[in-house]
Amino acid sequence: MRKLISSIFWVTGTTIGGGMVMLPAVVGVYGYFSAIGLVVAVWLLTTLIALTFLEANCYLPARTNLISMSKQLMGSRFKWITWIICLCFLYTIMCVYISGMTEIIGGFLEKNSIFIPSAYLSLFSVIAVGLPIYFGMGSISRFNRFIVMLMLLAFFTLVFLIVPHIDADILLNTTESIPLMALPIVFTSFGFLIVIPSLRTYLDDDIKKIKIAIVVGSFIALMVYIIWVTVVMGVIPVFGDNGLQWILEQAKPVKHLTNTLSSQALSPSIALLIQLFVLFAILSSFVGTSLGLYAFLADGLRNSKKCEGKMKLLVLTFLPPLIIAATFNRLFIIALGFAGLISTILFGLYPIMLTWSGRYGHKLPTKYRISAKRGVFLLMGTFCLTIIGVELLTLQLNFLK
Numbered sequence: 002m003r004k005l006i007s008s009i010f011w012v013t014g015t016t017i018g019g020g021m022v023m024l025p026a027v028v029g030v031y032g033y034f035s036a037i038g039l040v041v042a043v044w045l046l047t048t049l050i051a052l053t054f055l056e057a058n059c060y061l062p063a064r065t066n067l068i069s070m071s072k073q074l075m076g077s078r079f080k081w082i083t084w085i086i087c088l089c090f091l092y093t094i095m096c097v098y099i100s101g102m103t104e105i106i107g108g109f110l111e112k113n114s115i116f117i118p119s120a121y122l123s124l125f126s127v128i129a130v131g132l133p134i135y136f137g138m139g140s141i142s143r144f145n146r147f148i149v150m151l152m153l154l155a156f157f158t159l160v161f162l163i164v165p166h167i168d169a170d171i172l173l174n175t176t177e178s179i180p181l182m183a184l185p186i187v188f189t190s191f192g193f194l195i196v197i198p199s200l201r202t203y204l205d206d207d208i209k210k211i212k213i214a215i216v217v218g219s220f221i222a223l224m225v226y227i228i229w230v231t232v233v234m235g236v237i238p239v240f241g242d243n244g245l246q247w248i249l250e251q252a253k254p255v256k257h258l259t260n261t262l263s264s265q266a267l268s269p270s271i272a273l274l275i276q277l278f279v280l281f282a283i284l285s286s287f288v289g290t291s292l293g294l295y296a297f298l299a300d301g302l303r304n305s306k307k308c309e310g311k312m313k314l315l316v317l318t319f320l321p322p323l324i325i326a327a328t329f330n331r332l333f334i335i336a337l338g339f340a341g342l343i344s345t346i347l348f349g350l351y352p353i354m355l356t357w358s359g360r361y362g363h364k365l366p367t368k369y370r371i372s373a374k375r376g377v378f379l380l381m382g383t384f385c386l387t388i389i390g391v392e393l394l395t396l397q398l399n400f401l402k
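Throughout, this note's numbering is defined as the position within the sequence shown, counted from one, plus 1.
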């Protein structure tokens with residue numbers, strides 16, 4: 002039972018991360034009910050894709066990851082495509098989390114007249130996550146469980162204090178519209194598929210427990226997202242000075258969101274809780290993504306997880322994003338939006354293609370098969386292609402600007 006709870010927290014913690022912070026600003030401009038509808042729809046899609054990815058992983062033995070899956074189910078050519086796409090995506094996400102943690106910790110220290118260079122704060126963030134990974138799955142699960150519990154404690158305390166300041170007129174007095182342009186970032190906000198191969202190993206290949214961890218863990222994240230969107234949209238208007246749209250356009254949107262919520266609630270304790278909640282949210286997702294990248298590299302390089310092999314894997318996991326984050330420290334929203342395109346390809350279309358190949362192409366036996374036919378796979382694929390189209394359009398519009 003302890004392993005199952007840890008796995009649920011693992012999924013929840015990996016899901017709630019960078020996208021959580023600015024989600025109300027991203028979806029709020031489309032109206033409250035449109036925002037909630039979009040979040041629920043994307044959760045349903047990503048949960049189905051996660052179970053599809055689990056089926057694809059079950060065509061191979063436990064402890065296999067995307068590289069082995071691609072080679073066995075799609076061929077050697079797709080193996081190299083997977084290498085490129087996955088590294089681009091995971092390193093981008095890692096940069097986002099390192100930059101986010103550095104910004105929040107640095108802001109907290111500056112308020113207390115403590116000034117530490119961003120490069121040192123980034124290094125501290127990497128060490129804090131890297132050490133549990135080095136010491137193994139037991140250390141990772143305990144560390145992640147502790148972080149997620151602190152995050153949820155800070156979150157619900159924060160909600161309890163902010164709820165009295167919610168204005169129903171602010172929350173509901175918005176123009177509803179189709180939130181098409183928000184699809185990529187919302188999809189990325191439910192990005193937990195990278196931990197599924199590690200979950201299979203951690204839960205001793207118990208499919209029932211893995212499915213429970215996926216569904217329950219992502220559902221907890223969904224509830225947190227809905228509550229967070231409701232609280233923020235009930236306190237901060239969408240338009241006007243210091244509104245959600247204005248915050249989204251700033252160079253440091255997380256800092257402005259924190260300051261605006263604090264001033265609206267008129268409580269210094271709320272400001273501290275916001276900082277702690279955002280920090281733990283990013284940290285918990287950073288843990289899951291780091292472990293996913295670590296396991297991905299171990300599978301692709303067929304590297305030993307003994308002492309020397311661990312050190313090589315840790316260097317390859319953390320050094321590239323650390324260098325990028327220390328050099329370019331304003332990647333929080335920009336990188337997350339760009340990662341939406343890669344994320345949709347890698348953890349949207351790719352699991353569908355792998356499962357389709359294993360089930361209908363190679364007709365392989367498996368211990369788990371999702372209850373979905375060709376039509377469902379085609380529908381999921383169409384949804385993913387729509388997200389890709391929106392992301393390409395967004396990138397084009399940003400380029401023209």
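Even glycine gets a Cβ: it sits at the ideal position worked out from N, Cα and C.
Just tell me which of the options has its CA closest to the CA of residue i.
i      : options                           : result
Ser344 : Phe34, Thr93 and Ile37            : Thr93
Thr16  : Val236, Met224, Tyr121 and Gly131 : Met224
Leu365 : Thr47, Leu61 and Gly38            : Leu61
Val12  : Arg146, Ala296 and Gly362         : Arg146
Glu172 : Cys385, Tyr33, Leu184 and Leu200  : A small fix is needed here, since residue 172 is Leu in this sequence, not Glu. Selected option, being the one with the closest Cα: Tyr33.
Ser286 : Ile82, Gly139 and Phe144          : Phe144
Cys385 : Thr261, Cys59, Met21 and Pro185   : Pro185
Leu204 : Ala252, Ser142 and Gly244         : Ser142
Leu88  : Ser199, Leu302 and Lys253         : Leu302
Cys59  : Ile105, Gly359 and Tyr98          : Gly359
Gly108 : Leu394, Gln276 and Gly376         : Gln276
Lys210 : Leu55, Ser126 and Val22           : Leu55
Phe10  : Phe220, Ala327 and Leu262         : Phe220
Leu1   : Leu49, Thr367, Leu124 and Ile163  : Residue 1 lies beyond the residue range present for the chain, which begins at 2 and ends at 402; the question has no answer from this structure.
Ala373 : Tyr31, Thr53 and Ala42            : Thr53
For my contact list, residue i and residue j are in at a C-beta cut-off of 8 Å; report their separation, rounded to the angstrom.
i      : j      : result
Leu258 : Ile248 : 5 Å
Leu289 : Gly14  : Looking at the sequence itself, residue 289 is Gly, so the reference to Leu does not match. Yes, Gly289 and Gly14 are in contact; Cβ-Cβ is about 6 Å, under 8 Å.
Gln246 : Val239 : 6 Å
Leu74  : His363 : 7 Å
Phe90  : Ile388 : That belief does not hold up - the Cβ atoms of Phe90 and Ile388 are roughly 14 Å apart, past 8 Å.
In whole angstroms, give me the CA-to-CA distance for residue i and residue j.
i      : j      : result
Trp44  : Ser35  : 14 Å
Ser8   : Gly241 : 42 Å
Leu421 : Ile86  : One cannot answer for residue 421 here, as it falls past the ends of the chain, which runs 2 to 402.
Ala51  : Ser114 : 45 Å
Phe333 : Gly293 : No answer about Phe333 holds up, because its pLDDT of 48 lies below 50 and its placement is not dependable.
Ile195 : Val230 : 25 Å
Tyr369 : Ile208 : 7 Å
Leu396 : Gly382 : 21 Å
Arg3   : Tyr135 : 21 Å
Thr202 : Asp300 : 13 Å
Leu274 : Leu159 : 6 Å
Ile353 : Phe79  : 14 Å
Gly218 : Gln265 : 32 Å
Ser190 : Met138 : 24 Å
Ile6   : Ala214 : 8 Å
Leu347 : Arg64  : 19 Å
Phe297 : Thr175 : 43 Å
Val391 : Leu342 : 9 Å
Ile148 : Ile197 : 20 Å
Ile371 : Trp357 : 11 Å
Lys311 : Trp84  : 20 Å
Thr47  : Arg375 : 17 Å
Thr103 : Leu122 : 6 Å
Phe157 : Val22  : 15 Å
If you measure from the beta carbon of residue i to each beta carbon in chain B, is any gap under 8 Å?
i      : result
Lys210 : Reference to chain B is not applicable here, since this structure consists of a single protein chain.
Uninterrupted alpha helix (DSSP H) stretches inside the stretch 159 to 187 (no shorter than 4 residues): 169 to 173
Does the contact criterion of 3 or more C-beta pairs under 8 Å hold for the stretch 24 to 39 versus the stretch 174 to 189? yes
Is the stretch 275 to 282 touching the stretch 137 to 156 in the sense that three or more CB pairs, one from each, lie closer than 8 Å? yes
Does the contact criterion of 3 or more C-beta pairs under 8 Å hold for the stretch 128 to 143 versus the stretch 311 to 320? yes
List in chain order: all unbroken alpha helix (DSSP H) runs of 4+ residues lying wholly within the stretch 343 to 400. 351 to 357
Closer than 8 Å is the cut-off here; do at least three beta carbon pairs connect the stretch 155 to 172 with the stretch 232 to 239? yes
Please list the segments of the alpha helix (DSSP H) lying wholly inside the stretch 221 to 302, counting only runs of 4 or more residues, in order along the chain. 245 to 249, 254 to 266 and 269 to 302
Report the start-end ranges of each alpha helix (DSSP H) in the stretch 114 to 144 that is 4 residues or longer and not cut off at the edges. 119 to 136
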